[in-house]
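Here is the structure we will look at, set down as structure tokens.
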Amino acid sequence: MPGLLSGRWRRKAFPDPLENPNPDSDSSEESTIALFPDGIKVWYDGPDAAVDVCFVHGLTGDRESTWTADGQSAPWPKKLLPSELEDARVLTYGYDAYVVRKGVAASTRLVDHAANLLSDLTSDRARCGASSRPLVFVAHSLGGLVCKKAILLSRNNPEPHLRSIFDHTKGVIFMGTPHRGSWLAYWANLSASALGLIKS
């Protein structure tokens with residue numbers, strides 16, 4: 001279980017033919033498999049933590065780079081929050097949020113990401129005896145939708161250990177979350193439809 005809690009490395013099929021091209025491939029469009037960090041990672045664990053603050057990244061981000069300013073070596077929550085919130089445990093959650101692959105941001109993927117967040121966060125909080133500790137999410141872009149779905153899955157779950165996320169969530173800070181859909185998705189669908197009409 002420690003591997004799960006410290007963050008797993010899953011594969012993502014992120015096509016980048018310029019990176020590590022396959023010399024045995026007959027196709028110039030051969031995709032490579034890159035790795036991305038996912039799961040829960042603890043940035044700071046206050047000695048008398050009274051609240052968990054969990055950061056969830058958005059589209060094309062990851063649990064470290066989304067929160068790290070250009071030219072900086074560490075995410076700002078990891079650097080700034082320990083001195084400001086000494087009684088907090090600061091966490092980050094990673095998942096595959098790359099939109100280059102078809103369907104990565106589809107609703108079925110959203111449910112999968114939310115279920116993984118719920119499971120990983122529940123396990124992490126149980127491991128350190130914090131299942132009833134107040135919880136606040138800070139979510140960017142797609143991460144806000146992942147958080148909302150995880151909270152709904154928790155609310156509707158009959159198992160007390162999974163429902164505890166809903167019961168103890170005290171707030172969610174949304175940053176750039178497309179609650180009513182994304183204008184970018186609208187234009188992408190419109191373009192794809194137009195191309196479909198033009199192709200023979």
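1 is the number of the first residue of the sequence shown in UniProt numbering; add one for each residue after it. Yeah, the Cβ is synthetic: ideal placement off N, Cα and C, and Gly gets one too.
Check                                                                                         : Outcome
Assigned secondary structure, T177 (DSSP; H/G/I helix, E/B strand, else coil)                 : coil
CA-to-CA distance, A150 to N116, given in whole angstroms                                     : 8 Å
Closest Cα partner of V42 within the set Y93, G143, A130 and T169                             : Y93
Inter-residue spacing [alpha-carbon to alpha-carbon] between P178 and W67                     : 19 Å
Assumed close pair R155, F166 - CB separation to whole angstroms, cut-off 8 Å                 : 4 Å
Spatial distance of A73 from A50 (CA atoms)                                                   : Note on residue identity: the sequence assigns Ser, not Ala, to residue 73. Going from the Cα of S73 to the Cα of A50 covers about 28 Å.
Cβ-based neighbour list, S163, same chain, cut-off 6 Å, excluding 5 preceding and 5 following : Here the sequence assigns Arg to residue 163, which means Ser is not the residue at that position. Cβ within range, chain order: S154 and N157.
Three-pair Cβ contact test at 8 Å for the stretch 141-150 versus the stretch 74-82            : no
Pair within 7 Å by beta-carbon distance, T122 and H168                                        : no
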